[in-house]
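According to my numbering, the sequence shown is numbered sequentially starting from 1132. Note that the Cβ used here is the ideal one computed from N, Cα and C, for glycine as well. Working notes for the structure below.
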Amino acid sequence: MPFYYRTTTRKGSHEFKPPKGSCQGCPFAKKPGEDRVLRLSIHQETYNELRQQRLSLRGKILRSVRPSTVELSFAHSKELHGLRYARYRGVQKVKTQVLMTAIIQNLKKWAKLRSLQKIGLHLTSHIIEGSV
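Below, the structure written as structure tokens:
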């Protein structure tokens, strides 16, 4: 059954309607008090692309690795670096606290990778070239 474009709502969805009379004898025909409108997000193409990436082999691998990488980093921020509670009041001061915590974590990660590189283990394809 062909649908035709009707409008785009302020909530961010395109609305499509079937032509009048095309639902005769259809088991899904409009019942009294129902609205026969197909709504698709204006970002539907992006959602479809992201879904394809998530369901691909690479997406499944990244999903299995996430708990030991990203989530672990957040856990360390909370438990080891004091991000469970804000130490200061005000958005600017809290942003500074978060930035300093991120810098500390990145320096720790960099130092670990450098020490592993010195003994011949390379966990990344390359570590910042020309540094220390």
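Supposed contact pair residue j and residue i - C-beta distance, whole angstroms, cut 8 Å
i: Lys1151; j: Arg1137; result: With 8 Å as the limit, Lys1151 and Arg1137 do not qualify as a contact, their Cβ atoms being about 12 Å apart.
i: Leu1186; j: His1145; result: With 8 Å as the limit, Leu1186 and His1145 do not qualify as a contact, their Cβ atoms being about 24 Å apart.
i: Arg1218; j: Gln1228; result: 6 Å
i: Phe1134; j: Leu1169; result: 6 Å
Beta carbon of residue i nearer than 9 Å to that of residue j
i: Lys1209; j: Arg1215; result: yes
i: His1212; j: Ile1235; result: yes
Through-space distance from residue j to residue i, alpha-carbon basis
i: Gln1183; j: Ser1195; result: 16 Å
i: Thr1140; j: Thr1177; result: 18 Å
i: His1207; j: Gln1175; result: 36 Å
i: Leu1188; j: Gly1156; result: 43 Å
i: Gly1143; j: Arg1167; result: 18 Å
i: Thr1232; j: Lys1162; result: 58 Å
i: Leu1238; j: Glu1180; result: 35 Å
i: Leu1247; j: Gly1190; result: 28 Å
i: Arg1245; j: Gly1251; result: 10 Å
Any non-hydrogen atom of the ligand GDP within 8 Å of residue i CB
i: Arg1185; result: The ligand GDP is not part of the structure shown, which contains no ligands of any sort.
Please specify which runs of the beta strand (DSSP E), each continuous and at least 3 residues long, are wholly inside the region 1190-1238, giving them in chain order.
-> Note on the region 1190-1238: there is no whole beta strand (DSSP E) run with a minimum of 3 residues.
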